[in-house]
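Structure record follows, encoded as structure tokens.
Numbering (the working numbering), first residue to last: 7 to 101.
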């Protein structure tokens, strides 16, 4: 999971926060969703990376939404729901 943790560091500015637990990636319809909530003014912003494929065929889409939540866990849950909705709506066109 080195690649995914590197991607997560991109969202957090390269700093890992001891306050934020690690989040497991979620597999959905052949896509991998890696939630990466961003700390923002005492809250958490919905953000994630959606990937598909491996090696040279790896495709990636990063998204950051305007939604802010007070709870890290609630933010992860909403992030996964929004990522699934995006996959349902766009499929491979997300890339």
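Backbone N, C-alpha and C fix where the C-beta goes; we use that ideal spot for every residue, glycine too.
Status (buried if at least 16 other CB within 10 Å, exposed otherwise) for residue 101: exposed
DSSP three-state assignment for residue 30, whether helix, strand or coil: coil
Status (buried if at least 16 other CB within 10 Å, exposed otherwise) for residue 87: exposed
Proximity of residue 70 and residue 56 at Cβ, strictly below 9 Å: no
C-beta atoms of residue 49 and residue 84 nearer than 9 Å: Note that the C-beta distance between residue 49 and residue 84 is not below 9 Å.
Own chain, CB closer than 7 Å to residue 65, minus 5 neighbours either side, in chain order: Same-chain partners within the cutoff: 57, 58, 59, 101.
Residue 94, enclosing alpha helix (DSSP H) - first and last residue: 78-96 is the span of the alpha helix (DSSP H), which, as asked, contains residue 94.
Nearest residue (CA-CA) to residue 68, options 81, 27, 41: 41
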